[in-house]
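Protein chains in written order, with the numbering used here: chain A, 1 to 121; chain B, 1001 to 1107.
Working notes for the structure below.
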Amino acid sequence: EVQLVESGGNLVQPGGSLKLSCAASGFTFSGSAIHWVRQASGKGLEWVGRIKSKANTYATAYAASVEGRFTISRDDSKNTAYLQMNSLKTEDTAVYYCTRLRSGSFSFDYWGQGTLVTVSS
Amino acid sequence: DIQMTQSPSSLSPSRGDRVTITCQASQDIKDNLNWYQQKPGKAPKILISGASNLETGVPSRFSGGGSGTYFTFSISSLQPEDIATYYCQQFDILPLTFGGGTKVEIK
């Protein structure tokens, strides 16, 4: 069974940092691109960024709203992806989902349950 | 960035009604469009990929169409379990972008 489990969400002050984890199981993690998508309470979905597989040089890309502040990485030996968030702003408050991009169809076929990040003083 | 404009933002049809949602892209995205369903408190679920390809296990009452800049998503006969918010998403060019969502409730 494919599973993605996020962790690390918490309450953090503006300007602070937080690192989210996305633990994967049930599929060949090393061959998959992992994306992060966030959703503020009562709002729509916003793509945050992605990291490709080793075969694709672990290429990363980010939304303009987080570029320079967020960093996505992965440890294929642990089947885990990470989202390092620095210089957090109140507008970064959201549920953060990690999701797998299914190659071929370029759709997000599996999602985690989400982890809540609250940026507030 | 490609803007995805979804309409309507909400609708309240009756059980058994046909529901149609539209999604307009700010530029040509060919058929590089997916549709997701999200129920309250849950992660989104892929329903249709590549504008019109129904995912395995998704009921046939769901369908999608269109290409270029104009896309449609339909539910042929609304069921109570279809109450959710639906999102279109383009994957033609980074950054990936989603429509604003359409909340479907039963009257």
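We put the CB at the ideal spot given by N, CA and C, even for glycine.
Give the range of the beta strand (DSSP E) segment to which residue i is assigned.
i	result
L1033 of chain B	1033-1038
G1065 of chain B	1062-1067
L101 of chain A	94-102
Q1089 of chain B	1084-1090
I72 of chain A	70-75
F1071 of chain B	1070-1075
T1022 of chain B	1019-1025
L1047 of chain B	1045-1049
D109 of chain A	107-111
When burial is assigned at 16 or more other CB atoms within 10 Å of the CB, is residue i buried or exposed?
i	result
R1018 of chain B	exposed
I1093 of chain B	exposed
P1044 of chain B	buried
D75 of chain A	exposed
V2 of chain A	exposed
Y1086 of chain B	buried
L11 of chain A	exposed
G31 of chain A	exposed
Q1079 of chain B	exposed
Answer yes or no: do residue i and residue j have a C-beta to C-beta separation smaller than 7 Å?
i	j	result
G8 of chain A	S17 of chain A	no
G1064 of chain B	I1048 of chain B	yes
L4 of chain A	A33 of chain A	no
G93 of chain A	T115 of chain A	First, the amino acid is wrong: residue 93 of chain A is Thr here, not Gly. The answer is no: Cβ separation not under 7 Å.
R69 of chain A	S87 of chain A	yes
F108 of chain A	T99 of chain A	yes
Under three-state DSSP, which class holds residue i?
i	result
K54 of chain A	helix
S30 of chain A	helix
W1081 of chain B	Here residue 1081 of chain B turns out to be Glu, not Trp, going by the sequence shown. Helix, per DSSP.
E46 of chain A	strand
T90 of chain A	helix
K1030 of chain B	coil
Check: Okay, do the segment 1002-1013 of chain B and the segment 53-67 of chain A touch, 3+ Cβ pairs below 8 Å being the bar?
Finding: no
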